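Undergrad: Residue numbers for the sequence shown follow UniProt numbering, beginning at 1 and rising by one. Just so it is clear, CB atoms sit at the ideal spot from N, CA and C, and this is done for glycine as well. Remember, predicted model here, so these are calculated numbers, not experimental data. Right, I'll just put the structure down here and ask away after.
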Amino acid sequence: MAVTLDHTDAIVVVDELGDGMRRITVQPKCNKFLPCSNWDTHYSLDMIDLMLETAGLWIVDAIMHEENPLYVPLEIKWEVLSYIDDKDLDGCRLLDFGSGGGSSSIVLSRIAPSATVVGVELREDFVRISRRIAEFYGVSDRVHFHISPSPRQLPPDLGQFDFIFLSAVYEHLLPGERAQLMPLLWSHLKTGGILFLNQTPHRWFPVEHHTTGLPLVNYLPDGLTAVCARTFSKRMEGDETWETLLRKGIRGATHGGVLAELNRDGRKALSLQPKRFGANDHIELWYRYSNTLQPTALRKLAMWGMEALKKATGMTLTPYISLAIRKIA
Numbered sequence: 001m002a003v004t005l006d007h008t009d010a011i012v013v014v015d016e017l018g019d020g021m022r023r024i025t026v027q028p029k030c031n032k033f034l035p036c037s038n039w040d041t042h043y044s045l046d047m048i049d050l051m052l053e054t055a056g057l058w059i060v061d062a063i064m065h066e067e068n069p070l071y072v073p074l075e076i077k078w079e080v081l082s083y084i085d086d087k088d089l090d091g092c093r094l095l096d097f098g099s100g101g102g103s104s105s106i107v108l109s110r111i112a113p114s115a116t117v118v119g120v121e122l123r124e125d126f127v128r129i130s131r132r133i134a135e136f137y138g139v140s141d142r143v144h145f146h147i148s149p150s151p152r153q154l155p156p157d158l159g160q161f162d163f164i165f166l167s168a169v170y171e172h173l174l175p176g177e178r179a180q181l182m183p184l185l186w187s188h189l190k191t192g193g194i195l196f197l198n199q200t201p202h203r204w205f206p207v208e209h210h211t212t213g214l215p216l217v218n219y220l221p222d223g224l225t226a227v228c229a230r231t232f233s234k235r236m237e238g239d240e241t242w243e244t245l246l247r248k249g250i251r252g253a254t255h256g257g258v259l260a261e262l263n264r265d266g267r268k269a270l271s272l273q274p275k276r277f278g279a280n281d282h283i284e285l286w287y288r289y290s291n292t293l294q295p296t297a298l299r300k301l302a303m304w305g306m307e308a309l310k311k312a313t314g315m316t317l318t319p320y321i322s323l324a325i326r327k328i329a
């Protein structure tokens, strides 16, 4: 039996497969980019309907983030567990800042079943969905979600955390928000704790692959970058302001820039190197993680080029940055 759900951007057909499984098929109504159009899920029909309200055309991608082992679970393995041992998370308090639809918080709760996970998100509809997902999996007693009062503030009475996670979040913060939120988050991290910042595009990578997909715009002035984005990127509507582009994540970050932001006003931060799964530095981490998804000889050549650049200039230039920063003070 199939059920059809209607959305502004798509028609979603849900087929019952038996054993609690359902197949989702997305039929777009518009000519927009769609990374994946079908997926077999164990989400209930009412959960799928709720996800459709906010994810819309991207509902399959949203569900896959949590269910597909090659999405968030693999990301956390490489971007978090390459720096620490699994047992380091036991009994800890974890803050998932910018938790979105809750997929990363749920996956963290599986990796660390004795930990308390707190997700913080600006959008109320995302928080509502995240809480429903936590209830669906029966983990709402130790996975909690809170609404941020504003882009520059945190909810009150959060307490202290052993680990803080910013996954695919930092690039979406405006410059003023970065300057204000990073010290604020740091104040909620216990001394000796670790802040993980990953899945943020490198500010100086030759291709701005996150927002526009255009080459070389990372080296252009802001105004010219905005013109190129509106004119040449197929991902744009054509009327985006510069602030809108910043919010979409057009300007990433660098390892040194994030560290410099934290190492001021009496704060002391130490950048850690990966130590597990055969990765001994950030370039090897990028190579091994991305090669797990799609092995290619070209990627190995790229790794050699990155290593040569690092040796010559000291710069680590990977498509995305991955940081584990320990709080010294």
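Please list, in chain order, all residues of the same chain as D90 whose beta carbon is under 8 Å from its beta carbon, the five residues on each side excluded.
TA: Position 90 of the sequence shown holds residue 90. Within the same chain, D90 has close Cβ partners A112, S114, A115.
Undergrad: Could you check what DSSP says for E208 in three-state terms: helix, strand or coil?
TA: Residue 208 sits at position 208 when you count from the first residue of the sequence shown. Here E208 sits in strand by DSSP.
Undergrad: What residues match up with G119 in a beta bridge as DSSP calls it?
TA: For the purposes of this step, residue 119 is taken as the residue at position 119 of the sequence shown. Looking at the DSSP assignment, G119 forms a beta bridge with D96, F145.
Undergrad: Here's a check: name, in chain order, each residue in its chain whose Cβ is nearer than 7 Å to the Cβ of residue 340, leaving out the five neighbours to either side.
TA: Since the first residue of the chain shown is 1 and the last is 329, residue 340 is not available in this structure.
Undergrad: Between the Cα of H42 and those of S322, M21, A253, L5, spot the shortest distance and give me the residue it belongs to.
TA: As a working note, residue 42 is residue 42 in the sequence shown. The shortest Cα separation from H42 among S322, M21, A253, L5 belongs to M21.
Undergrad: Any chance the segment 289-306 sits against the segment 258-275, with 3 or more Cβ pairs inside 8 Å?
TA: Touching, no.
Undergrad: Buried or exposed, going by whether 16 or more other CB atoms sit within 10 Å of the CB of N38?
TA: Here the question's residue 38 lines up with position 38 in the sequence shown. Exposed, because fewer than 16 other Cβ atoms sit within 10 Å of the Cβ of N38.
Undergrad: Specify, as a first and last residue, the run of the alpha helix (DSSP H) that Y137 falls within.
TA: Indexing the sequence shown from 1 puts residue 137 at position 137. Looking at the DSSP string, the run of the alpha helix (DSSP H) that includes Y137 is 124-137.
Undergrad: Jot down the residue ranges of each uninterrupted beta strand (DSSP E) in the segment 3-68, minimum 3 residues, whole runs only, in chain order.
TA: Segments of the beta strand (DSSP E) lying fully in the segment 3-68: 10-18, 21-28, 38-41.
Undergrad: Measuring only the C-alpha atoms, how far is N68 from S104?
TA: By 1-based counting over the sequence shown, the position of residue 68 is 68. By 1-based counting over the sequence shown, the position of residue 104 is 104. So the two alpha carbons sit approximately 12 Å from each other.
Undergrad: Classify R251: buried if its beta carbon has 16 or more other beta carbons within 10 angstroms, exposed otherwise.
TA: Numbered from its first residue, the sequence shown carries residue 251 at position 251. Buried, because 16 or more other Cβ atoms sit within 10 Å of the Cβ of R251.
Undergrad: Please go through the same chain and pick out, in chain order, the residues whose beta-carbon is closer than 8 Å to the beta-carbon of L214, but skip the five residues on each side of it.
TA: Counting from one through the sequence shown, the residue named residue 214 turns up at place 214. The residues are V207, E208, C228, A229, F232, S233.
Undergrad: Whole-angstrom Cβ separation of D157 and R93, contact assumed at under 8 Å?
TA: Here residue 157 refers to the residue found at position 157 of the sequence shown. Here residue 93 refers to the residue found at position 93 of the sequence shown. So it is not a contact: roughly 13 Å between Cβ atoms.
Undergrad: Beta carbon of L211, beta carbon of K248: below 7 Å?
TA: Taking the first residue of the sequence shown as 1, we reach residue 211 at position 211. Taking the first residue of the sequence shown as 1, we reach residue 248 at position 248. The identity of residue 211 in the sequence shown is Thr, whereas the question assumes Leu. Yes, the Cβ-Cβ distance between T211 and K248 is below 7 Å.
Undergrad: Run through the DSSP bridge pairs and tell me what T200 is partnered with.
TA: Here residue 200 refers to the residue found at position 200 of the sequence shown. Beta-bridge pairing links T200 to I321.
Undergrad: Can you tell me the Cβ-Cβ gap for F205 and L317, rounded? I've got them flagged as a contact below 8 Å.
TA: The residue given as residue 205 occupies position 205 in the sequence shown. The residue given as residue 317 occupies position 317 in the sequence shown. Right, their Cβ atoms sit about 6 Å apart.
Undergrad: Helix, strand or coil for G159, going by three-state DSSP, please let me know.
TA: Counted from its first residue, the sequence shown places residue 159 at position 159. Reduced to three states, the DSSP call for G159 is coil.
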